[in-house]
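A short worksheet on the structure shown next.
Protein chains in written order, with the working numbering: chain A, 112 to 261; chain B, 112 to 261.
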């Protein structure tokens with residue numbers, strides 16, 4: 112099952128990357144709402160993992176797997192909501208998102224990769240592996256928040 | 112690949128159902144924000160499929176697969192955000208959500224099942240199959256919206 116799940120996750124991520132849910136927003140406001148919603152969903156499941164990793168919640172391997180799968184899939188989504196048409200919509204995003212587009216996109220890719228690794232770690236059911244991968248993912252989140260979020 | 116993807120989706124849904132991201136919301140407002148965010152993400156990808164199904168957007172099989180995978184996974188999520196502590200938080204949810212809890216949960220299960228079928232249909236790459244499954248999913252969405260959403 113482990114290799115199946117890993118393979119399936121890779122397939123999902125490959126799909127998501129190959130055919131991102133780009134454009135097709137009704138307007139810029141909808142794009143911003145979409146990306147914020149994706150971050151909210153991802154954040155909730157990441158926090159759930161964080162509670163287990165920090166010992167604030169009991170470790171539940173099945174729950175950790177489910178949370179990490181959501182984080183991995185949803186981490187591929189918000190980026191299409193940062194189109195140039197959203198630059199002027201009020202949000203927590205700094206102008207640097209669009210001024211440093213390439214660097215921002217590299218950060219997004221680092222998060223997506225870290226989240227995929229976190230799902231693989233969660234698949235192992237080994238809390239120490241999950242802790243390591245969680246830390247790497249959290250670092251990736253923080254790097255972008257520091258540079259690109261008010 | 113088709114059977115792998117179907118199997119993987121079943122695995123994901125099984126995980127999500129076996130270990131839902133329950134409770135662990137900071138407070139009732141966070142639970143409402145989470146469920147609304149999940150609906151926003153799901154709605155965006157369902158609308159993207161709808162545009163292809165209705166011919167408003169060109170059919171792109173890879174994109175349809177990616178959208179349907181997101182819809183299927185995210186359709187398992189919002190329900191944990193309807194805990195009894197959220198009854199009094201202002202939202203579009205009618206009181207019937209909590210008064211008719213069992214019927215509401217059955218509706219949620221019907222949507223999750225319809226969305227999984229939609230992902231299977233999208234996996235086939237056959238637009239006619241996708242249209243049928245999309246229609247069934249849309250019907251499932253509408254049934255709950257009519258009864259449980261203002």
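Built from N, CA and C at the ideal position, the CB exists for glycine as well.
This structure is a prediction, so every number in the text was calculated from the model and none was measured.
Check: Over what stretch of residues does the alpha helix (DSSP H) that includes residue 245(B) continue unbroken?
Finding: 238-259
Check: Can residue 250(B) and residue 225(B) be called in contact, C-beta distance under 9 Å?
Finding: yes
Item checked: CB of residue 152(B) within 9 Å of CB of residue 149(A), strictly -> yes
Checklist line | Neighbouring residues, chain A, relative to residue 145(B) (Cβ below 8 Å) | finding: 151, 152 and 155
Margin query: Distance check for residue 247(A) and residue 163(A), CA to CA, integer angstroms please.
Written below: C-alpha separation (whole angstroms): 16 Å.
Item checked: Rounded C-alpha distance that separates residue 133(A) from residue 191(A) -> Confidence is the limiting factor: at residue 133(A) the pLDDT is only 46, short of 50, which leaves the residue's position unreliable, though a coordinate-based value still follows. Going from the Cα of residue 133(A) to the Cα of residue 191(A) covers about 5 Å.
Margin query: Taking only three categories from DSSP, how would you classify residue 262(B)?
Written below: As shown, chain B starts at 112 and ends at 261. That puts residue 262(B) outside it, with no answer to give.
Next item on the list: For chain A, find out if any of its Cβ atoms is closer than 9 Å to the Cβ of residue 132(B); answer yes or no.
Entry: Bear in mind that a pLDDT of 42 at residue 132(B), under 50, signals an unreliable position, so the number given afterwards is only what the model happens to contain. Chain A contact via Cβ: present.
Check: Would you say residue 208(A) reaches chain B, if we count a Cβ-Cβ gap shorter than 9 Å as a contact?
Finding: no
Note to self: With the cut-off set at 9 Å, would you say residue 227(A) and residue 243(A) are in Cβ contact?
What the structure shows: Result no, Cβ atoms of residue 227(A) and residue 243(A) do not sit closer than 9 Å.
Next item on the list: Please state if the CB of residue 179(B) and the CB of residue 156(B) are separated by a distance shorter than 9 Å.
Entry: With contacts defined as CB atoms closer than 9 Å, residue 156(B) and residue 179(B) qualify as a contacting pair.
Next item on the list: With DSSP collapsed to three states, give me the class of residue 155(A).
Entry: In the three-state scheme derived from DSSP, where H, G and I count as helix and E and B as strand, residue 155(A) is classed as helix.
Check: Can you list the residues of chain B that residue 135(A) reaches, using a CB-CB cut of under 9 Å?
Finding: 155, 158, 159, 162 and 168
Next item on the list: Hey, could you find the ends of the alpha helix (DSSP H) residue 235(A) is sitting in?
Entry: Residue 235(A) -> alpha helix (DSSP H) spans 212-235.
Notebook entry, point to check: Looking at C-beta atoms only, is the number of pairs between the segment 201-210 of chain B and the segment 207-222 of chain A that lie closer than 8 Å three or more?
Noted result: Result no; under three Cβ-Cβ pairs closer than 8 Å.
Item checked: residue 193(A) - DSSP class collapsed to helix/strand/coil -> Helix, per DSSP.
Notebook entry, point to check: Is residue 200(A) closer than 9 Å to residue 139(A) when the C-beta atoms are compared?
Noted result: yes
Item checked: Other residues of its chain near residue 240(B): CB distance less than 6 Å, five sequence neighbours each side excluded -> 232
Check: Taking the alpha carbon of residue 212(A) as the point to measure from, which residue in 189(A), 202(A), 194(A) and 175(A) has its own alpha carbon closest?
Finding: Cα-wise, what sits closest to residue 212(A) is 194(A).
Notebook entry, point to check: Nearest-angstrom Cα distance between residue 161(A) and residue 137(B)?
Noted result: 13 Å
Next item on the list: Give the interface partners of residue 229(A) over in chain B, defined as CB-CB distance under 8 Å, in chain order.
Entry: Per Cβ cutoff of 8 Å: no residues; residue 229(A) is ~15 Å from chain B at best.
Check: Listing by chain order, which chain B residues have their CB less than 8 Å from the CB of residue 188(A)?
Finding: In chain order: 152 and 181.
Notebook entry, point to check: Where does the unbroken alpha helix (DSSP H) through residue 176(B) begin, and where does it stop?
Noted result: 172-185
Checklist line | Beta carbon proximity, residue 185(B) to chain A, threshold 9 Å | finding: yes
Notebook entry, point to check: residue 237(B) to residue 214(A), Cα distance in whole Å?
Noted result: 38 Å
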